[in-house]
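Right, one structure below, let's go through it.
Protein chains in written order, with my numbering: chain W, 103 to 600; chain F, 42 to 211.
Below, the structure is given as structure tokens:
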């Protein structure tokens with residue numbers, strides 16, 4: 103196999119050094135709320151001008167891996183998602199950390215990130231052409247079906263408040279309609295304000311919903327409340343029992359992440375949430391602690407899936423030249439700067455670059471784990487800082503990070519707007535993750551639904567196309583399962599009351 | 042997401058422990074949704090209809106808004122029917138960082154990140170401090186200066202990002 107022959111050429115000290123630098127920069131950027139992996143890759147592209155394409159691509163892919171993984175640290179310790187991908191991580195990760203298991207949560211998140219990257223790298227190496235062939239079969243009905251399936255995760259993400267979960271998802275779906283309608287090129291709900299033309303950016307909304315709302319919540323405790331200590335007193339080395347119990351969770355989440363990653367415009371956020379919902383559905387009812395209150399399985403599902411999107415995104419980027427997410431769009435730019443065109447010809451004309459991407463994914467995942475394991479103790483100390491010292495700078499960091507996305511102050515206003523929305527909804531026990539799901543899936547669902555109806559004159563393809571039908575059946579099964587669980591919970595409650 | 046146990050979580054309803062307490066927060070939430078939905082629905086009615094597309098750009102927002110209205114009503118009805126209120130109390134102090142953030146944003150175009158940021162951090166650290174002593178005032182100032190130095194190093198020097206400067210040039 104040519105890949106095996108290429109390994110000695112790729113394992114050079116320079117390449118390894120560049121991968122290390124790339125992972126480190128990615129982690130640092132991923133940790134800072136507001137800064138995305140795409141931004142980190144874009145920032146490092148100028149440094150690759152003078153490098154050979156294989157070295158340059160190795161470093162950029164390393165930034166991708168580091169950027170996606172670093173976001174979990176702030177999500178776990180501060181309930182502040184560093185990147186949109188880590189939203190699902192905080193659902194169980196933050197309760198774990200605030201329950202005195204910060205080390206266990208970080209250990210599981212880092213290990214799961216590594217496993218997710220490795221699973222998707224293995225699929226990329228072994229089955230890239232097959233996965234690409236699967237990806238090109240996705241047309242409007244398939245996207246609609248996947249989004250409908252994704253939205254069924256609302257049931258699992260809503261806990262015992264399904265009505266409010268649906269309400270939150272509705273808010274997310276509606277918020278996503280604000281701004282320019284991509285299908286028509288005409289603005290909606292802009293009220294003739296230029297700043298609303300581009301719509302509401304996802305990252306400022308997420309940071310507002312979770313980080314600003316959390317800072318507000320902490321501030322509300324006042325002076326008499328002791329600062330919650332997230333001191334890492336336990337080990338970061340994952341327990342064998344946690345890993346053994348979650349073998350199927352790792353595999354399922356890795357596959358979900360890779361499949362979601364293959365689909366353009368989806369990304370790590372929905373991958374984590376969908377995978378989390380599936381893990382929750384598959385978990386035993388007797389699981390302690392339950393999902394949403396610090397279940398290790400939740401952290402594993404979220405982190406494995408969001409990192410597995412890396413391989414999925416690279417599959418369609420390398421084989422078809424399609425950017426699956428903003429990071430791979432920037433990576434394509436990095437390739438083109440070196441005169442390389444992604445697509446089938448890349449595999450024949452510049453196979454060494456493809457191998458460099460493979461190698462970088464594998465090595466980066468180990469380096470990312472080593473770096474995060476080594477520094478997790480140090481990083482966790484941030485959470486020991488009293489709230490009155492920690493929260494004001496965090497607010498400023500988030501504001502500047504969000505501003506840096508588009509050099510646009512309006513994004514910072516959006517962040518504060520969603521902050522007060524998040525705080526209000528949480529007080530009223532409206533779950534926030536379904537809102538995120540609506541925000542992310544809304545534009546994809548609407549665009550593809552309208553195109554499907556326009557092209558096929560109806561929704562029948564949802565039930566006649568094999569892939570679409572499969573996802574629709576999975577969605578139906580998910581809904582039936584949620585209904586069954588609701589009935590069972592109600593029956594249990596009634597039995598207990600009697 | 043399920044709520045975590047919270048120290049400030051108290052019932053907001055009226056009456057004693059045995060009395061049924063309606064969830065007024067839910068009622069207000071559900072009913073407040075209706076005028077907001079109506080406002081946006083009326084706006085959606087003004088959207089242009091494109092000839093080449095069967096559904097039109099108002100279709101999806103209308104569907105979502107109708108769904109939100111139905112859910113709002115259901116939440117309000119559920120709030121009235123509920124025997125216990127599990128919502129958590131709003132606290133004015135929570136809005137302090139939010140207001141400080143808005144003031145920061147409002148003065149940013151004039152003062153720039155460094156001065157406005159210094160104001161944000163020092164003021165917020167001081168207001169949130171457990172005691173109002175000289176020591177805590179010093180901590181607040183040190184926090185502001187230290188954070189801004191760190192921000193300058195990370196954002197401006199290492200990442201080379203543009204930090205918004207104000208009319209004063211900072």
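Where is the CB? At the ideal position from N, CA and C, for every residue including glycine. Keep in mind it's a predicted model, so treat the numbers as computed, not measured.
Residues of chain F with a Cβ closer than 8 Å to the Cβ of residue 279/W are, in chain order, 101, 102 and 105. Nearest C-alpha to residue 127/W among 386/W, 392/W, 170/W and 305/W: 170/W. CA-CA distance, residue 143/F to residue 234/W, rounds to 47 Å.
Under a criterion of Cβ atoms nearer than 8 Å, the residues of chain W adjacent to residue 115/F are, in order, 265.
Secondary structure note for residue 216/W: it is in no beta strand (DSSP E), and the uninterrupted alpha helix (DSSP H) holding it is 204–238. The residue among 120/F, 179/F and 193/F with its C-alpha nearest the C-alpha of residue 67/F is 120/F.
For residue 214/W, the closest Cβ of chain F is not nearer than 8 Å.
By the neighbour-count criterion, in which a residue is buried when 16 or more other Cβ atoms sit within 10 angstroms of its Cβ, residue 447/W is exposed.
Contact annotation, residue 315/W with residue 524/W: C-beta distance approximately 3 Å; criterion of less than 8 Å satisfied.
Look at the region 80–95 of chain F: the residues with a C-beta under 7 Å from a C-beta of chain W are 81, 84, 88, 89, 91, 94 and 95. In the three-state reduction of the DSSP assignment, residue 281/W falls in the strand class, which pools E and B. Taken through DSSP and simplified to helix, strand or coil, residue 595/W comes out as helix. Taking C-beta separations shorter than 7 Å and ignoring five residues to either side along the sequence, the partners of residue 210/W in its chain run 340, 344, 398, 401 and 402, following chain order. Neighbours of residue 596/W across chain F, judged by C-beta separation under 9 Å, do not exist; the nearest C-beta is about 14 Å away. DSSP, reduced to helix, strand and coil, places residue 494/W within a helical segment of the structure shown. In this structure residue 179/W touches residue 199/W by the C-beta definition: roughly 6 Å separates them, less than 8 Å. Contact between the region 198–207 of chain F and the region 161–180 of chain F is absent: fewer than 3 CB-CB pairs across the two stretches fall below 8 Å. Per the C-alpha coordinates, the member of 132/W, 185/W and 290/W positioned closest to residue 200/F is 132/W. For residue 197/W, the enclosing alpha helix (DSSP H) covers residues 191–198. Shown here, residue 289/W sits in a strand according to DSSP, grouped into three states. For residue 203/F, the secondary structure class from DSSP, reduced to helix, strand or coil, is coil. Cβ neighbours of residue 430/W within its own chain (closer than 6 Å, five residues either side excluded): 415 and 419. In the displayed model, residue 428/W falls within a helix according to three-state DSSP. The shortest CA-to-CA distance from residue 138/F to any of 163/F, 123/F and 86/F is the one to 163/F.
With a beta-carbon spacing of about 4 Å, residue 254/W and residue 580/W fall inside the 8 Å limit used to define contacts. DSSP, read as helix, strand or coil, puts residue 316/W in helix.
Rounded to the nearest angstrom, the gap between the Cα atoms of residue 138/W and residue 460/W is 22 Å. With respect to residue 299/W, residue 281/W sits close: the two C-beta atoms are nearer than 8 Å. Within the region 162–189 of chain F, contact with chain W at the beta-carbon level (separation under 7 Å) is assigned to 162, 165, 166, 169, 170, 171, 180, 184 and 188.
Within the region 377–461 of chain W, no run of beta strand (DSSP E) reaches 3 residues while sitting entirely inside it. Residue 136/F has a beta carbon lying within less than 8 Å of a beta carbon in chain W. At least one C-beta of chain F is nearer than 8 Å to the C-beta of residue 511/W. When 568/W, 513/W and 215/W are compared, the shortest CA-CA separation from residue 353/W is found for 215/W. In this structure residue 204/W touches residue 482/W by the C-beta definition: roughly 5 Å separates them, less than 8 Å. Using a Cβ-Cβ distance cut-off of 8 Å, the region 181–197 of chain W and the region 376–396 of chain W are in contact, since at least three pairs of beta carbons, one from each stretch, lie closer than that value. Residue 180/F: member of the alpha helix (DSSP H) spanning 175–192, first to last residue.
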